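Just below is one structure, and these are the notes that go with it.
Residue numbers (this note's numbering): 3 to 253.
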């Protein structure tokens, strides 16, 4: 009763059998949430969107509850050890430090962020972008090629191996956090949780659970924007510190 055929996959098979076969054959391919729910007696989700998906899929066969994700970190493996400051991280004091952290793949849209920085004279001359987190190999290589082609080598730092202490040092030191995930692949964003915990103003894509956040807590950009993050970063995030502090405070 819980699972009488995957209509999503059936539709995909009919429309694009080659792509469906590729998904089934690739163990690393993204999956929807069904495998986690097949033998569940209930579901706890962190967004209203996911609650609607579960309820629409299973109805009264699987009770589901929406619980807001707490936007704070209650335990650190590094205890009371002070975080690294910008100098220790190798970031010049006059640069606007923009950080995007987490699981780095194409849905994180770092390539779009790089193009936005390179395409705006003010951002190009003022931004230092840190990409913190393990990246899928092909995407990592593509990003490094893009950085070289855009001439941004001195303005971009890749940190692929980071424990909590180093990760939180980058997030806490940031002037702006960016999370342009599209499509959203979770019911709440751990990387956004970290940015909000440290009071960082964050730019997010106006989609899924990101759009459920209060408008005064984050800067939302339209998924159709060809250069997301560019206009919001200029107004107000790339200007004086006070507007950034106001946006980061609700976190």
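Glycine residues also receive a C-beta, built at the ideal position from the N, C-alpha and C atoms.
Treat the numbers as computed from the prediction; the structure is a model and nothing was measured.
Does the distance from the C-beta atom of residue i to that of residue j stay below 8 Å?
i           : j           : result
residue 112 : residue 135 : no
residue 99  : residue 204 : no
residue 180 : residue 125 : no
residue 182 : residue 110 : yes
residue 172 : residue 132 : yes
residue 184 : residue 225 : yes
residue 170 : residue 55  : no
Return the CA-CA distance between residue i and residue j, expressed in angstroms with no decimal places.
i           : j           : result
residue 69  : residue 39  : 17 Å
residue 158 : residue 91  : 12 Å
residue 42  : residue 64  : 7 Å
residue 50  : residue 214 : 8 Å
residue 162 : residue 101 : 13 Å
residue 155 : residue 149 : 6 Å
residue 79  : residue 58  : 39 Å
residue 123 : residue 48  : 39 Å
residue 67  : residue 196 : 24 Å
residue 2   : residue 141 : Since the displayed the chain opens at 3 and closes at 253, residue 2 lies outside it and no answer follows.
residue 130 : residue 97  : 6 Å
residue 146 : residue 120 : 14 Å
residue 88  : residue 53  : 40 Å
residue 220 : residue 61  : 33 Å
residue 160 : residue 167 : 16 Å
residue 153 : residue 143 : 15 Å
residue 46  : residue 81  : 30 Å
residue 222 : residue 71  : 19 Å
residue 44  : residue 186 : 22 Å
residue 227 : residue 218 : 20 Å
With 16 other CB atoms within 10 Å as the buried threshold, where does residue i fall?
i           : result
residue 151 : exposed
residue 83  : exposed
residue 202 : buried
residue 139 : exposed
Relative to the C-alpha of residue i, which residue among the options is closest?
i           : options            : result
residue 199 : 54, 76, 156, 58    : 76
residue 190 : 172, 124, 209, 177 : 209
residue 188 : 211, 127, 207      : 211
residue 128 : 139, 185, 146, 93  : 93
residue 95  : 177, 142, 139, 170 : 177
residue 164 : 184, 137, 108      : 137
residue 103 : 54, 53, 206        : 206
residue 74  : 227, 139, 192      : 192
Answer with yes or no whether the minimum CB distance from residue i to chain C is below 8 Å.
i           : result
residue 136 : The chain labelled as chain C is not found in the depicted structure, where only one protein chain is given.
Fully enclosed by the stretch 40-103, which beta strand (DSSP E) runs are 3 residues long or longer? Taking only runs of at least 3 residues, the beta strand (DSSP E) segments lying wholly in the stretch 40-103 are 45-47, 66-68, 98-103.
Which ranges would you report for the alpha helix (DSSP H) in the stretch 139-224 if only whole runs of at least 4 residues count? If we require 4 residues or more, the alpha helix (DSSP H) runs fully inside the stretch 139-224 come out as 139-152, 166-175, 192-199.
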